[in-house]
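In numbering that gives the first Met the number 0, the protein residues as written are 0 to 248.
No residue lacks a Cβ here, since even glycine has one placed at the ideal position from N, Cα and C.
See below for the structure under consideration.
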Amino acid sequence: MIKASTYKAPENLLKDKVILISGGGSGIGREAGLTFTTFGAEVILLGRDSSNLDETYSLFEKNNLKKPVLQVIDLETAQEEDFQKVSEEVFKEFGKLDGLLNNASILGTKTSIQNYNFKEWRSVSKINFESALLLTKSLLPVLQIADNSSIIFTSSGVGKKGKAYWGAYAISKFATEGLVQILSEELEKTSGIRVNAINPGAVRTKMRAQAYPAEDPKTLKNPKDIMNAYLFLMGIDSLGITGKSIEAQ
């Protein structure tokens, strides 16, 4: 298997592909949008903060890239019918979907299970896991229209081995890993859609700074430095690879 972290993508890897990214207004999601477009894709960016999405849109303009479609949605409060509307709009605009990157996540408080506020626990679970499940479920019909479509979920090291005080965030990532395993088997048998997870590792983002406030961000990779793994799983060179959880670094 090609090592995803050192993968070198051909220039036209994502030509004519349509890819939707949740959490597309900042951090890894923003960088994935810019990268996928550079390699030929049309992207749809979902985000909660309209100002972040507008700022991202300006970066596309500045780099002379094909403009993204922006969709403001609050993943914490969105209901199943809201995700269904997103799917309907994708079909109306593009007639298919080639890729889905479930990137949106929040950290929540780092504290013991005993002290965790359950209302906040539910918020973390809703944004990190339940919304990704509902978004994916609603988009399956348009993903099934395309040939060789790919779904990527965002995992974490603490979603593979539990770590004290990571509470709701870690549990949401454990659930994500399980979903990847189940969904990949179901879709491999019925549609050929591949489903995988990426652990971005330590990356210079706002969430990382929140989790490790004493860490020097200059010691970390930028989101741009880990895009090889995302390109690999979105492109044709990962055909036949499904149900895996890979490291971006």
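Name the DSSP bridge partner or partners of residue i?
i    : result
I150 : L99 and V194
E41  : V17
Going by DSSP, what residue range makes up the beta strand (DSSP E) through residue i?
i    : result
Q70  : V68 to V71
I245 : S244 to E246
Is the separation between the beta-carbon of residue i and that of residue j shorter than 7 angstroms?
i    : j    : result
I144 : I126 : no
V42  : I27  : no
E75  : S124 : no
L96  : L142 : yes
I112 : G166 : yes
L139 : F82  : no
T36  : L69  : no
V202 : P216 : no
I151 : N198 : no
G242 : Q180 : yes
L58  : F38  : no
K16  : A40  : yes
T218 : Y164 : no
F117 : S171 : no
List the endpoints of the continuous alpha helix (DSSP H) containing residue i.
i    : result
I144 : S130 to I144
D48  : That residue, D48, is in no alpha helix (DSSP H); it is neither H nor E in DSSP.
S124 : F117 to S124
Q78  : Unbroken run through Q78: none, as it is neither H nor E.
Could you tell me how far apart the beta carbons of residue i and residue j are, in whole angstroms, since I believe they sit closer than 8 angstroms?
i    : j    : result
K159 : E176 : 7 angstroms
L232 : S154 : In fact, because the Cβ distance is near 12 angstroms, the residues do not count as touching under 8 angstroms.
R193 : S237 : 7 angstroms
I72  : L45  : 5 angstroms
E119 : T108 : 6 angstroms
A228 : S21  : Contact flag wrong, Cβ pair sits at about 17 angstroms.
L230 : Y6   : 6 angstroms
N101 : T135 : 7 angstroms
A77  : G234 : Between G234 and A77 the Cβ distance is about 29 angstroms, and since that is not below 8 angstroms, they are no contact.
P67  : G24  : So it is not a contact: roughly 10 angstroms between Cβ atoms.
M206 : E30  : About 14 angstroms; that fails the 8 angstroms criterion.
Query raised in the report: Which parts of the stretch 181-239 are runs of the alpha helix (DSSP H), unbroken and 4 residues or longer, counting only runs that do not cross its ends?
Result: Within the stretch 181-239, the complete alpha helix (DSSP H) runs of at least 4 residues are 205-210 and 226-233.
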